[in-house]
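Written below as structure tokens is the structure these notes are about.
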């Protein structure tokens, strides 16, 4: 963890060093105007090359750079996370820099990082958290504005509706007054009209008071003060304990990690290094850290490349032959005269209310030497039904799976199949 972050800090302080990595090749390509828009960021260690150019996509550029770097007297940092953790791959890298003007130094970035590195990571976590908080604040602000605009629209609609209703009532009142005037005398019509006008005025006053009361809450809401600055965030106690900031692009893909982590080791001077430099912790602490990490990783990681070995194949073949022979033996016994006679005797005993143990002692099945013949050619499994054969087969499979896994994995840290990986390994073997 944190290897590329360490490298960025190292190069910032020591610009005389040149990074040799696939990540750097992609940066050089982009600076030269060669760009891939197909999403090459699968991992920092081994990003995908999808430029549509044979020299880039087939790995030729890496071979050329490795050949030239091995003879050019410069300061290099070979950043290959997976290869630098595997002893055999480290040997191949050292061969490329065999000339005497190279001093080969292994920088071990492992364990608990120093305070300076952790501070940078904490600042990155806080920055990302602040960006998320500001984004959420802006979204909430936009949502609040949309809600206010909606209230304004509703208010304007209500005002227009009420105005139209008032105009309709006014026209209706006028028409009613005119009709009444035609039917009655002018004096009475005038008096009624006067009284109607008075009532209408009172209704209008009441309507205005109601509108005023309805409008008051909206006016108060519009006068609410809005936040002009996004909230400032801080790190929680749990976040302060984190040593490495989360990142969208991993240093290694999960597939590469799961396939190779069992071969990880701490570099030794005896491998051909002139110096082994432990950047974060001492040698003993780094080895203990890696050992503990690998042990925990094995508990949760499947062995994708595991294949059934010779012992499993021989055992399965032998059992399959016996299983087929036992089924044939059981069928033959059931159809034989002796078998039918014993079956009939058993049926009569059951009709008389006698249990199997009362009619005939079953004996000790663990003392049976041949399950296919417990005496007079009678098989132990004479009464097996389909479900019994299925259970026998399943028991063999589970028993054999555990033993075959231990043999094929050949790892003391993996003595058996973890429960969460049972279906994966079962399908791999059977």
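Residue numbers (the working numbering): 8 to 437.
Virtual Cβ for every residue (Gly too), placed ideally from N, Cα, C.
Give me the DSSP bridge partner(s) of residue i.
i	result
residue 285	115
residue 83	25
residue 271	93
Can you name, in chain order, every residue of its own chain whose Cβ lies under 7 Å from the Cβ of residue i, other than the five neighbours on each side?
i	result
residue 315	411, 415 and 436
residue 293	115, 117, 118, 273 and 285
residue 297	117, 271 and 273
residue 420	302 and 305
residue 238	140 and 144
Going straight from the alpha carbon of residue i to that of residue j, what length do you get?
i	j	result
residue 380	residue 332	12 Å
residue 366	residue 373	Any reading at residue 366 must be qualified, since the residue scores a pLDDT of 43, below 50, and its modelled position is unreliable; the value itself is stated next. If I take the Cα positions, the gap works out to 21 Å.
residue 115	residue 17	13 Å
residue 226	residue 189	Low confidence applies to residue 226: its pLDDT is 47, below 50, so where it sits in the model is not reliable, and the reading given next is rough at best. So the two alpha carbons sit approximately 47 Å from each other.
residue 174	residue 165	14 Å
residue 290	residue 93	17 Å
residue 88	residue 98	14 Å
residue 228	residue 303	Residue placement at residue 228 cannot be trusted, given a pLDDT of 49 that sits under 50; what the coordinates show is reported in the next sentence. Distance between the alpha carbons of residue 228 and residue 303: 57 Å.
residue 356	residue 425	48 Å
residue 136	residue 276	42 Å
residue 244	residue 122	16 Å
residue 236	residue 52	40 Å
residue 104	residue 75	10 Å
residue 349	residue 382	13 Å
residue 343	residue 335	12 Å
residue 172	residue 148	36 Å
residue 57	residue 120	35 Å
residue 140	residue 134	10 Å
residue 183	residue 158	37 Å
residue 142	residue 30	30 Å
residue 378	residue 352	22 Å
residue 404	residue 337	21 Å
residue 160	residue 169	14 Å
residue 430	residue 323	18 Å
residue 145	residue 138	11 Å
residue 427	residue 108	52 Å
residue 126	residue 15	15 Å
residue 96	residue 59	28 Å
residue 176	residue 191	22 Å
residue 295	residue 418	18 Å
residue 167	residue 185	27 Å
Please tell me whether residue i and residue j are closer than 9 Å, where the distance is taken between their beta carbons.
i	j	result
residue 42	residue 124	no
residue 318	residue 385	no
residue 389	residue 346	yes
residue 128	residue 252	yes
residue 112	residue 283	yes
residue 391	residue 401	no
residue 50	residue 256	yes
residue 26	residue 86	yes
residue 330	residue 396	yes
residue 375	residue 393	no
residue 11	residue 258	yes
residue 242	residue 132	yes
residue 66	residue 250	no
Near residue i, what residues of its chain come up, given a Cβ to Cβ distance below 6 Å and the 5 sequence neighbours on each side ignored?
i	result
residue 222	The pLDDT assigned to residue 222 is 47, lower than 50, so where the model puts this residue is not dependable; a value taken from the coordinates is nonetheless given after this. Result list for residue 222: empty, nothing under 6 Å.
residue 363	For residue 363, the pLDDT reaches just 48, beneath the cut-off of 50, and the residue's location in the model is therefore unreliable, although a value from the coordinates is still provided. Excluding positions up to five away in sequence, the list is empty.
residue 308	265
residue 63	56
residue 155	none
For residue i, which residues of its own chain have a beta-carbon under 8 Å away from its beta-carbon, when the five flanking residues on both sides are left out?
i	result
residue 313	412, 415, 416, 432 and 435
residue 24	17, 18, 82, 83 and 84
residue 262	311
residue 326	403 and 407
residue 409	423 and 424
Candidates the options: which alpha carbon is nearest residue i's?
i	options	result
residue 72	49, 59 and 33	33
residue 300	324, 355, 268 and 288	268
residue 321	295, 391 and 407	407
residue 279	10, 84, 26 and 110	110
residue 81	65, 57 and 22	22
residue 100	69, 138, 153 and 402	69
residue 264	241, 305, 162 and 288	305
residue 247	30, 325 and 130	130
residue 90	126, 28, 60 and 163	28
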